[in-house]
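Undergrad: Residue numbers (the numbering used here): 3 to 304.
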Ligand code: PLP
Ligand code: CA
């Protein structure tokens, strides 16, 4: 069945979106910033939304940073955001282990960045790998086994700019030699902004590499999975129908919002163009679309 086409946000329809919404959930890259560069008008718009009593939440699939590191990034861009208003896929990975009672004496092998290791540590888990294994080399010696820690009970895979064959071997052995080992992906984004103008392969490529060698499918904790929604609700106690998810990617952000029962607003300041949105082969339609976040202020503000 054909989905109802997204409506362009305008002075005529914005109140029906804005008035009932108690919390705006913002995706970060492509919405708030591109790489480390703030998108025009975001700061004023967020201040204005807060002044109107709206709760603000930030949901990012980029697992390179922890919530603490993201709070610092927001601060350095001149936006004051508390750590517990940020939901990153790195945090989600640690929370997945926590809510599933992952034993603290078991270890977690990480193909990914510092953010995942920091969140694991905060949650009381022992992480191995990550940046530390970035320089490890493949050594092929006759009559010798590849050594890996047998107490690893989970492998977490996220974006890893220093992924190498050693890490793939380590993670693969943990999973292949222990059928009970969890295989968790922070997200499966195809690409991500490493700077404002440069897009590089995202976590999807690292996750796909591990799917290939393990012949297993991961548990995905980032968008579009609604796993993070439970933690969001624990903090905000707002019915998801009174939330609006604002994002730039159809297959992660908009799907996440729809899967959770939120209103959805697509912004065209990131990866999705109007042409993609309106392509007949695209079956994800947000409720509304607009060019950028500051349109909220432009259409409704003083
Ligand atoms: N993953 C990586 C590695 C990225 O660089 C990005 C964006 O830059 C993302 C994911 C997507 O992040 P977000 O969910 O904030 O758009
Ligand atoms: Ca995005």
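Each residue gets a CB set at the ideal place from its N, CA and C atoms; glycine is no exception.
On a predicted model such as this, the values are computed, not experimentally measured, just so you know.
Nearest to residue 72 by CA position, among 30, 113, 97, 26, is which residue?
TA: 30
Undergrad: Distance check for residue 304 and residue 206, CA to CA, integer angstroms please.
TA: 42 Å
Undergrad: Straight-line CA distance for residue 77 to residue 70?
TA: 11 Å
Undergrad: Per the contact definition of three or more C-beta pairs closer than 8 Å, is the stretch 275-286 in contact with the stretch 239-248?
TA: Contact between the stretch 239-248 and the stretch 275-286 is absent, because fewer than three Cβ pairs lie under 8 Å.
Undergrad: Quick check on the DSSP output: what are the complete alpha helix (DSSP H) runs of length 4 or more inside the stretch 64-93, in order along the chain?
TA: 69-78
Undergrad: Kindly list the residues whose CB is nearer than 7 Å to the CB of residue 168, restricted to its own chain and excluding five residues on each side of it in sequence; keep chain order.
TA: 135, 138, 139, 140
Undergrad: If contacts are defined as beta-carbon pairs under 8 Å, then residue 191 and residue 63 qualify, I think. What distance do you get, rounded to the angstrom?
TA: Contact between residue 191 and residue 63 holds, with the beta-carbon distance rounding to 5 Å and staying under 8 Å.
Undergrad: How many Å lie between residue 19 and residue 265 at the Cα?
TA: 8 Å
Undergrad: Taking 7 Å as the cut-off, is the CB of residue 262 close to at least one heavy atom of ligand 1?
TA: no
Undergrad: Taking DSSP's pairing of strands, which residues face residue 60 in a bridge?
TA: 28, 88
Undergrad: Regarding residue 272 and ligand 2, is the C-beta to nearest heavy atom distance less than 7 Å?
TA: yes
Undergrad: Expressed to the nearest angstrom, what Euclidean distance is found between the alpha-carbon atoms of residue 160 and residue 286?
TA: Using only the alpha carbons, I get a separation of about 25 Å.
Undergrad: Whose C-beta lies closer than 7 Å to the C-beta of residue 274 among residues of the same chain, with five residues either side of it excluded?
TA: Here residue 274 has 250, 251, 252, 268 as same chain residues with Cβ atoms under 7 Å from its own Cβ, once five neighbours each way along the sequence are excluded.
Undergrad: Would you say the beta carbon of residue 161 comes nearer than 7 Å to a heavy atom of ligand 1?
TA: yes
Undergrad: Short of 6 Å in beta carbon distance, which residues of its chain neighbour residue 164, apart from the five on each side in sequence? Order them along the chain.
TA: 136
Undergrad: Less than 8 Å between the CB atoms is what I'm expecting for residue 256 and residue 57, so what's the real figure, rounded?
TA: No, residue 256 and residue 57 are not in contact; Cβ-Cβ is about 20 Å, not under 8 Å.
Undergrad: Exposed or buried, which one is residue 3 when buried takes at least 16 other CB atoms within 10 Å?
TA: Bear in mind that a pLDDT of 47 at residue 3, under 50, signals an unreliable position, so the number given afterwards is only what the model happens to contain. So residue 3 ends up on the exposed side.
Undergrad: Excluding the 5 residues preceding and the 5 following residue 296 in the sequence, name in chain order all residues of the same chain whose CB lies nearer than 6 Å to its CB.
TA: The residues are 43, 47.
Undergrad: Given this structure, state the Cα-to-Cα distance separating residue 174 from residue 118, to the nearest angstrom.
TA: Straight-line Cα distance between these residues: approximately 18 Å.
Undergrad: Let me know the alpha helix (DSSP H) ranges lying completely inside the stretch 196-265, each 4 residues or longer, listed in chain order.
TA: 205-216, 231-238, 257-262
Undergrad: Applying the criterion that 16 or more other CB atoms from any shown protein chain within 10 Å of the CB defines a buried residue, is residue 23 buried or exposed?
TA: buried
Undergrad: Go to residue 19, then tell me how far its alpha helix (DSSP H) extends in each direction, as first and last residue.
TA: 16-20
Undergrad: Classify residue 272: buried if its beta carbon has 16 or more other beta carbons within 10 angstroms, exposed otherwise.
TA: buried
Undergrad: Straight-line CA distance for residue 244 to residue 149?
TA: 51 Å
Undergrad: Does DSSP put residue 177 in a helix, a strand or coil?
TA: In the structure shown, residue 177 adopts helical secondary structure according to DSSP, grouped into three states.
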